[in-house]
Structures are given as structure tokens and as C-alpha cells.
Amino acid sequence: MTIRNAIRDHGQRYRPRMACLQKAEKVLLEMQDPRTGVKSQPQRLVITTIPHAITGEDIIAWLADRFQIDTQEARSFGSMLVALGYIYPLQDHKRLLIKPDASLYRFQTPYFWPTQQWPVEDTDYAIYLAKRNIRKKGILELHEQEQYNRLHKWMNHKWDFIVMQAKEQYRAAKERKKPDRVVFECQERAYWVVHRPPPGTVSAMDYGLERRIDPNADETKTPDFYERIMIFTQQSIMRPRVKSSVSIGALVKYCTTYNSHDPFLSKCLPSNPWLTDDVTFWTLNRLNVEVPSKMRVERWTFSFGELLSDPRGRDDFRLFLKKEFSSENLAFWESCEDLKWGTAATMREKAEQIYKTFLARGAPRWINIDGKTMEITVNGLRHPHRYVLDAAQTHIYMLMKKDKYGRYIKSPVFKDTMKKAICPEEHKFSDAQLEQNAKNRRPSLSPIILRQQELEQRAKMAANAPVDITQLCRFTTPVPHLAVYSGITDSPSLAFPAPSPACPSPISVALDSTSACERRLEADERKPEALGPVRGPVSKSRMALSLRRLLKRGCTPATMFASLSPKCHSAAGTSSRIQPISPDEPSQAPPRRIGNFFQIKVDIPPECRIYPIESEDEDEANRSASRGGVGTKEIICPWESLTPHNGTG
Amino acid sequence: MPLVNNKVGDDSTVGKDKALADGEALVDSLIKVVACYRHLASCVGSCTDSLQLRDELRQTREKAQKLAVAICHHLTSHLRNKSLPEEQRKEMELLWVAFSSSLELLHVDMCKVFKMGDIFSLADTGTLVQTGLQGGSSEVAARALSIPDLNQAQPPALPAGLESQEQSTLEQEISQIDHMIDDMEMKVNVLRWMVEPHGPQYADPLSSTDSASLALLSMDEERPGHQPLCQRSHIFVLLLLFAVVFVAATLSVCIFLFS
């Protein structure tokens, strides 16, 4: 059909989610059938009678009978037909719903049906308002008046035409017989109540943005169409398949788990805001509310993903991890998410930041991932992109899920939260109260404000980020010129002293004893032996595992830290904690060591492991390395060129 | 509508005034025809839809198209005339805007009629929607065609083949109007935001008798729940009247008897 609609549509005209219109039309045609449809009766007015009026109860009865549904559903269906504009009420024409009593309705003429193809035009509305103005002699309703003025401003150039057309239509209407005139006016009025609803009413024609193609039209079979079908079927074949028993089992499990949490399927405490217009439910379930509700806490126990995706749950988990001194995992995961979802411009610096904070040797919040993953990540960081940290992130996620999550659920933190969680009472509103609520509807906070609050919160959290105590020892004291500890603890770090003597942490106790073994280390390079005496006190501490790791690492690179960079000697000297290791002694041994640990070039020969894990420590100790040349370095990001004293950018 | 108030002028302006007046008359009648067409179109698919209605639609449409073509030529030729004085040009542009708007309305109505004609075939009268309309629309068509009465020359029973022929003609005419609109836009450049209307913002209310009766109707339409009350009040008024008449009658009888 080459017929084009007059209004120059530049694309996008079809209303999405209005596929119901065609179905409603079919139902309506059945309904209006004089033999099998709804019983009609004449409507008596003072002067005349008009046929084909139907009562609300008849409509509901017919629908219930035709579709074999119960009365409540038939009533909703009928209300939908009225709201869409296929049937209009004769009394109380502004409220578009079906009343299950003897109130009268009539079928709308097909010219005024809400079809997909013809959008509702403002010109027509202007003409209608002008006509109404003529008829009511200048007394329009307030919203109509406002609309009229607005249209007069926007369609000023056509205004003569509109007024003339209104007059002509009015005169043409007078040619008709009185009952027909009344009917036509009712039809038109009903049409405009549907499409230009008075303020404060809910319109069924709210459908969002319009679409370019008609979802109800058949698609023409062009080669493109067939190609799309082919691609789709090929991809379907390639999809991995799961046994239906498994997938159905998963679906059933999901449904049974979430059934009581779904506000559509089960009751929503205190009350569903969409039904009662009361927003207590939303205020109680805000993202960062102090006391969560019981249902929300219960949802956290379903899976780790649920816990993390709920900000309140994440806060709780973070608290728990802080108590366990492993909050770097969650912080790393969150930073990775930030990288993934952030803007492309900031990606590079974010990646660097994350590397320095979490992944580098001696980073303040070093996370524990295995060597292979670390290798992949560091390789990828040469050209950072959005998903470069995916492997590491997955590793940490799994770690948290398998280990920490279980402990969290059993922990006192969680139990405490669960005890404090509130279970609100159900609201019982009377009809009058419901109407009152509907009148008091207010818009919620603007999303701009919410976003600002979110950013503020994030900044506050970043400023107060805990520095993980496991990583701190005198050897990883932040040295000013090392630009490693950027971001998280900038100023505090500079002023931050090495762990004070008063600090009762068992770490320092343990670490004190390492100083003794260090010299021995330098001497005979036998790590396992050196750590022997340390193992005792270490095992007593809570953080046995991480400490041991730290110590294995901390010994040699820490000294490297302190002594390697030429400018640092003074700093090292001033710190009373640095044991009297003579600067000369390590200077020969270190270069070789550095070769093992710090030669972070990308094309590393395979036998050199960058980040030793526990099993590999021994190998390193035995390595006769001459990787020379790197010399004294600060921590550098592996993708930057290895020039001496290169400021870590 | 803009008034032609320069009656005095030389021949050229008189000629141009005549052109303007002609144009105005044509546009007015087109607007009238389009309004009537809309009324007729609103009956399509309803229970009063019949061959007669379709015929009336056809006639109205043909008239509208004739007028449209005439106006198109008229206005295009004048607006492309570079020597047109400024005032005349403004008036012409107003007419042009009115013309294009009515053409658009006509186009939409024709498309709707076409689509509905497809769906609501006259062969199956059961599907025609019971909308409450009773009467015919012949008066409206008569008004459109500017003839006092519409004689029903054709017999109402026509072969079904005519319907599909009718549809295809309609299709052609719609595309014709499409082209006309396109042509118009191509040939004449009227800046719509420069056009200023003359008329008032509010249409003058027409003579009170017309609107009053209609207002009464609408009032009843909106509150038929009050019908019993109205009826009761009517009965009361009638009773009162009768009482007064009765009293007057008795008084006159008394006077007659006593005088």
C-alpha cells in the first residue's frame, strides 16, 4: 500500500506495547454483535431516546461468560476496554472504568478508535476545543483552557484555519438530527478524554517512545530479512545446551525461592505503592537505609550475587570483612566494577590506580591472586581496556563467595543485622483513605539529586577507606616520593608513622623477630629456614595465612623498598625501625633479587616468575639470577618503560 | 478570515483583489467540504454505514478534490508571481496555510475511510458497530455539495464488485493528494512561522438559540441520573399550571354566575 499518512512523519510513529489494540478490536466486534453480543437498550433522554446503550453489569457478565473468567477479572478487562477508548461511559464520562451496576456505556465509532497508525493530532484537538468553546459560550474547563492557550501559541499560523474549521464542523453538525448530534458529541468528547486526559487521571495510552516499525504489521520478505533469520538460527544451534530437567529444575528452584519476595505474586509489606499510593514501602527499602527489612535480609542469604547487588547488603559485608581484615577483596572487586562501568576517558588512570593499590608488589591493599592470573592481568594492563581486570575480579569474586560468604552468613554481624531487621505491619486502607492517598501523590527525589548523593557517599567512603593492617609493617611504610600509594591514603599516609610501639598488633611482634632473621636471610638465602622461628608466633595470630605470605615476601622486597631507591636512603635511615642492615651488604645481593622480582617487562622469559606464590618462593631463593640492569627502582607499572628513576606516573 | 477592505484602487489591484476574493471563496468552500467529509467519515463502520454513505463520501471527496486542484493552481500561480505586493502576498500566504492544513485533514480522513472500508465490509452488516446513530447523513452531504437536497438517484443495492473498485479509486485519489501536497511544498516556499492570523483567538459564539438547545441536550446527556427528578419537576410545574388554570376557570365561572 502506497498510502502515506499526511503528517510528515520522520520515522518513529508506532506505539510500542500497544499490540493489545488489535486484540481489543476483535473482542469489541464480537461484543457489539446484535445477536450474540452484549444486550443493548435504549437510553432515554428528555427529548429523545438513543439506542444501543449497554449497562456495565451486562458487559461484565458477557466478558465473564465469553472468556470463562471470574467477575473481578472481567471487570478489569472491561475497564481496560473503556480506558483504551473502545467503550465510553455515558454518565461520569471522565472516569474511564466499568462500574458493575446499571450505569450506561456505548460503543465508540471506529473512526475514533485508538489505532496504531494514526497519531492523535494537536490540530484536531485545537479544533475540538474551539468547537467546545463555541458550544459552551466560552466556558471551558481549566485544563482545556490552558491547552487552548498553549495551542494558540504553538499553532498560531493556523489559527484562522482552526477557528474556521471549528465553525464549519459545528454548522455541519447542526444539519444532523438531534439524537445523532448528541451521539456524535459524546463520541468526540470520549475520544478526547482518552487521548488528552484531564490532569490527575491515569491514562491507558501512556506508552513511551514511539517505534519506527509497526509491530503488528507483517514484515516484507527481503533478502535482509532471510539473512537475519539465518544468523539467528545459526546462533541458536551454536548455543550450549542444557538438559531440560536441569534447566527446569533451576527455574523451579528460582520460582520457589523468590515467590514470597515478588510483589506481584505475594503480598508486599506494608502495602504495594502502586495499589495504595502509599510510599512507605519505598522509604523503608531505600538503597542506604539504616535498618533493612526482614525480607531484604532474607534475600541476602539466597546467593552471593544478591548480597553484593544490594548496597545495604554490601555495606554489611564490608563491615564483616573489615572485622576479618580482608576488606581489600571487596574494595578490589568494587574498583573493578567501577572500571568496567566507568567512562572511557578515565579508564587508563583507573587501571593504574587499581594496579598500584591492589596488585603491585607491596601495594597497600594487596590482594591474593594466583600467579597465572596475575601474569595475565599484568600483561593485559599494558593496554588497559574495560575488561582487563576480569580474570582477577572473577578470582576474587569466587574467593569471596566460597570462603567469606559462608562465614558472613554465620557471623555475628549478620545475625545482628537479622535481629535488628524490621518487619512492617500491613496497611489497611479504607476507600476514603485510598482516595486521599491518590490526591496526595508527590513526585520522588530527582535522579540528579540521587546521583549526587551517591557520588558524595562514594567520595566519603574513598576518603575514609581503611588501610588494611595486614599490609602494613615498618617495611611497607609509605615513602613520600614513591608515588605508589596514590588515591586512597594520600595525606594520611604521609603523616602516617610506622606502627607505633604502642600498637599492640601481633604483627609488629612477629615482625620484630623477622629483623633478626633477615640478616640470616641475606647471608644464606635460605628462606624456609629463616621463617622457622617466625612461624611460631605467626601461627598464633588470627591472620596466619596472610602474615606468612607477607613475611615471605616482606622480608626481601621490603628491604629493597627501603634501601633501593637512592633518595630513600635517608628516609630509611631516619626511621628507627629499619634495622641496622648495612646499606652496603644488600646492595650486591639485591640487584640479583630485583632481577627476580622487579623485572617486570612484558617479554619476560618464561622461567622467571614475577609474583611468587608460596610454592615458588623456594625456587627463587635458589635462582641464580643475573637479570641485571634494572637496578634500583620504585614500583613501576609494567606497561611503562623501564628507565631508571622513572617517576611512576 | 481576512477582510478585503481595499475597494478603491487601480485596475491591477482590483484584479488582484478579485484574485484574493476568489481564493478566499474557494478556500472557504474547501474548509466546509472538509468539515462535512469528517462528519461523514465518522459514520463509517458504524451501524448507519451503507452504500449510500459510501456514495456520499465519494461525492464529497470528488468535490473536495476539484476544489483542491483549483485552489492549488490559483494560489501557486499567484505566489510564484514575484511582482506581488507585500500585503497581497501575506494574504495569499494565509490562504496557503489554510489550504495546506485542510488538505492534510482531508488526506487523513481519506486514509481512515480507506482503512475502515477494508475492515468493515458492507457485505457483512453484523460487524458494523452499534454506535447509537440512527439517521442518515444525507443532510451533511447536501451541505457539502451545496445543493438543497440530495436526490437518491442510485438504487441502494449495488453489486459488491463496486466496493472494491471504489477502494482502488480511493487509493488512487489518496496518492494524488499526496503528490499535490508534495508539489505544493516544492513549488512554493511559505514560511509558516512568518504567517500571522487575523482572526480572534476564540471563535465567536454563534446565535444563542442554536447553542442553547444543544446545551440543554448535553446537560441531559450528562446527568440522566437526574431524570426522575427532572420529570418530577416537570410534573410539578404542569400541576401548578393546571392548578392556576383551574383557579382561573373557577373564578371566571363564579364571576359569570354571580354577575
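Listed in order, the protein sequences are those of chains A and B.
So in full-length UniProt numbering, spot 469 of the first sequence is number 469, and the numbers just go up one at a time.
So in full-length UniProt numbering, spot 35 of the second sequence is number 35, and the numbers just go up one at a time.
From the three backbone atoms N, C-alpha and C, an ideal C-beta is built for every residue, glycine too.
Since this is a predicted model, take the numbers as computed values, not measurements.
To which residues of the same chain is residue i closer than 8 Å at the C-beta, ignoring the five residues directly before and after it?
i: Asp-278 of chain A; result: Pro-270, Ser-271, His-427, Phe-429 and Asn-437
i: Ser-137 of chain B; result: His-39, Leu-40, Cys-43, Thr-48, Leu-53 and Glu-56
i: Leu-434 of chain A; result: Thr-276 and Asp-277
i: Met-230 of chain A; result: none
In or out: residue i buried (at least 16 other Cβ within 10 Å) or exposed?
i: Leu-275 of chain A; result: exposed
i: Ile-47 of chain A; result: exposed
i: Ile-127 of chain A; result: buried
i: Gly-15 of chain B; result: exposed
i: His-383 of chain A; result: exposed
i: Asn-133 of chain A; result: buried
i: Ser-247 of chain A; result: exposed
i: Asp-58 of chain A; result: buried
i: Gln-453 of chain A; result: exposed
i: Asn-464 of chain A; result: exposed
i: Thr-209 of chain B; result: Here Thr-209 of chain B scores only 41 on pLDDT, less than 50, and its place in the model should not be relied on; the value that follows carries that caveat. The residue is exposed, with fewer than 16 neighbouring Cβ atoms inside 10 Å.
i: Ser-266 of chain A; result: exposed
i: Asp-180 of chain A; result: buried
i: Glu-144 of chain A; result: buried
i: residue 261 of chain B; result: Nothing can be reported for residue 261 of chain B, as the shown portion of chain B is limited to 1 through 259.
i: Arg-296 of chain A; result: buried
i: Ala-248 of chain B; result: exposed
i: Lys-99 of chain A; result: buried
i: Ala-15 of chain A; result: Looking at the sequence provided, one finds Arg at residue 15 of chain A rather than Ala. So Arg-15 of chain A ends up on the buried side.
i: Lys-167 of chain A; result: buried
Can the beta-carbon of residue i be found closer than 9 Å to that of residue j?
i: residue 263 of chain B; j: Gly-135 of chain B; result: Summary: the structure shown does not reach residue 263 of chain B, with chain B confined to residues 1 through 259, and so no result is reported for it.
i: Ala-144 of chain B; j: Val-244 of chain B; result: no
i: Ala-363 of chain A; j: Met-374 of chain A; result: no
i: Gly-85 of chain A; j: Phe-112 of chain A; result: yes
i: Thr-417 of chain A; j: Asp-310 of chain A; result: no
i: Arg-333 of chain A; j: Tyr-397 of chain A; result: Per the sequence presented here, residue 333 of chain A reads as Trp, with Arg not at that position. Their beta carbons are under 9 Å apart, which means Trp-333 of chain A touches Tyr-397 of chain A by this criterion.
i: Arg-58 of chain B; j: Glu-163 of chain B; result: no
i: Ile-422 of chain A; j: Lys-221 of chain A; result: no
i: Cys-43 of chain B; j: Thr-109 of chain A; result: yes
i: Gln-187 of chain A; j: Ala-130 of chain A; result: no
i: Asp-70 of chain A; j: Ala-61 of chain A; result: no
i: Gly-56 of chain A; j: Asp-101 of chain A; result: yes
i: Ser-29 of chain B; j: Ser-146 of chain B; result: yes
i: Asn-288 of chain A; j: Arg-312 of chain A; result: yes
i: Leu-339 of chain A; j: Lys-350 of chain A; result: yes
i: Leu-103 of chain B; j: Ala-68 of chain B; result: yes
i: Phe-358 of chain A; j: Arg-365 of chain A; result: yes
i: Thr-233 of chain A; j: Arg-95 of chain A; result: no
Within 8 Å: the Cβ of residue i and any heavy atom of the ligand MN?
i: Gln-117 of chain A; result: Among the components of this structure there are no ligands whatsoever, and the ligand MN is therefore not found.
Return the chain-ordered list of same chain residues with a C-beta closer than 7 Å to the C-beta of residue i, the five sequence neighbours on each side being excluded.
i: Ser-411 of chain A; result: Phe-320
i: Arg-150 of chain A; result: none
i: Cys-20 of chain A; result: none
i: Gly-380 of chain A; result: Val-388
i: His-195 of chain A; result: Val-120 and Met-205
i: Ala-24 of chain A; result: Leu-81, Leu-84 and Tyr-86
Please work out which residues of its chain come closer than 6 Å, Cβ to Cβ, to residue i, disregarding the five sequence neighbours upstream and downstream, and give them in chain order.
i: Ser-335 of chain A; result: Ile-354
i: Glu-93 of chain B; result: Val-190 and Val-195
i: Phe-256 of chain B; result: none
Write down every uninterrupted run of the alpha helix (DSSP H) in the stretch 108-193 of chain A whose length is 4 residues or greater and which is fully enclosed by it, in chain order. Every unbroken stretch of the alpha helix (DSSP H) spanning 4 or more residues and falling wholly within the stretch 108-193 of chain A is given here in chain order: 122-135, 142-154 and 159-174.
Inspect the CB distances between the stretch 168-177 of chain B and the stretch 83-95 of chain B and report whether three or more fall short of 8 Å. Output reads no: the stretch 83-95 of chain B does not touch the stretch 168-177 of chain B.
Would you list, in sequence order, the uninterrupted alpha helix (DSSP H) runs of no fewer than 4 residues that lie entirely inside the stretch 97-170 of chain B? If we require 4 residues or more, the alpha helix (DSSP H) runs fully inside the stretch 97-170 of chain B come out as 138-145.
Are the stretch 120-133 of chain A and the stretch 83-95 of chain A touching by the rule of at least three beta carbon pairs closer than 8 Å? Touching, no, given that fewer than three Cβ pairs across the two stretches are closer than 8 Å.
Can you find at least 3 beta carbon pairs, one from the stretch 395-409 of chain A and one from the stretch 290-305 of chain A, that sit closer than 8 Å? With a cut-off of 8 Å, the stretch 290-305 of chain A and the stretch 395-409 of chain A count as touching, because enough Cβ pairs lie within range.
Indicate whether the contact test is met: 3 or more Cβ pairs, each with one atom in the stretch 78-87 of chain A and one in the stretch 95-113 of chain A, closer than 8 Å. Counting C-beta pairs with one atom in each stretch, the stretch 78-87 of chain A and the stretch 95-113 of chain A have three or more that are closer than 8 Å, which means they touch.
Flag this pair as touching only if the stretch 88-104 of chain B and the stretch 60-76 of chain A have three or more C-beta atom pairs under 8 Å; answer yes or no. The stretch 88-104 of chain B makes no contact with the stretch 60-76 of chain A: fewer than 3 CB pairs, one atom from each, lie closer than 8 Å.
Three or more beta-carbon pairs under 8 Å between the stretch 123-134 of chain B and the stretch 64-80 of chain B, yes or no? Result no; under three Cβ-Cβ pairs closer than 8 Å.
Sequence ranges, beta strand (DSSP E) only - wholly within the stretch 53-103 of chain A, length at least 3: The stretch 53-103 of chain A contains, as complete beta strand (DSSP E) runs of 3+ residues, the segments 87-89 (chain order).
Should the stretch 156-163 of chain A be regarded as contacting the stretch 193-201 of chain B, the criterion being three or more beta carbon pairs within less than 8 Å? By the criterion of at least three beta-carbon pairs nearer than 8 Å, the stretch 156-163 of chain A is in contact with the stretch 193-201 of chain B.
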